[in-house]
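Let me begin by presenting the structure, written as structure tokens, before commenting on it.
Numbering (my numbering), first residue to last: 21 to 128.
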């Protein structure tokens, strides 16, 4: 236990801790228009940044951007900050500069 009373956290198994991009999942259109998280059309996937992961996670690293379904999530507060806990299998895609050799042809 640290002096300030906070405990260190270790992620387990295939769990991934992510932070939503923008306040409460807001996003911007390509034209720069802010789209609130409440403006959902059908089932829309959400981007987030990986801030921690368990030892069995193989497809992503810290600071990668991941795409997931916002309906399949567990919210958690750590140190006054809100995060989302996911399983690796619930993530649909990973975006990172280290993936430049990827044959997908998609770029963000």
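For every residue, glycine included, the Cβ atom is placed at its ideal position computed from N, Cα and C.
Query raised in the report: How big is the Cα-Cα spacing for residue 27 and residue 72?
Result: 15 angstroms
Query - Spatial distance of residue 54 from residue 29 (CA atoms) - result: 34 angstroms
Requested in this report: Name the one or two DSSP bridge partners that residue 10 has.
Outcome: This structure does not reach residue 10, given that the chain is present from 21 up to 128, and the question cannot be answered.
Query raised in the report: Quick one: what's got a C-beta closer than 8 angstroms to residue 92's C-beta in the same chain, skipping five residues either side?
Result: 106, 110
Query raised in the report: Based on Cα-Cα distance, which residue from 51, 65, 100, 70 lies nearest to residue 31?
Result: 70
Report task. Verify whether the separation of the beta carbon atoms of residue 77 and residue 114 is less than 8 angstroms. Result -> no
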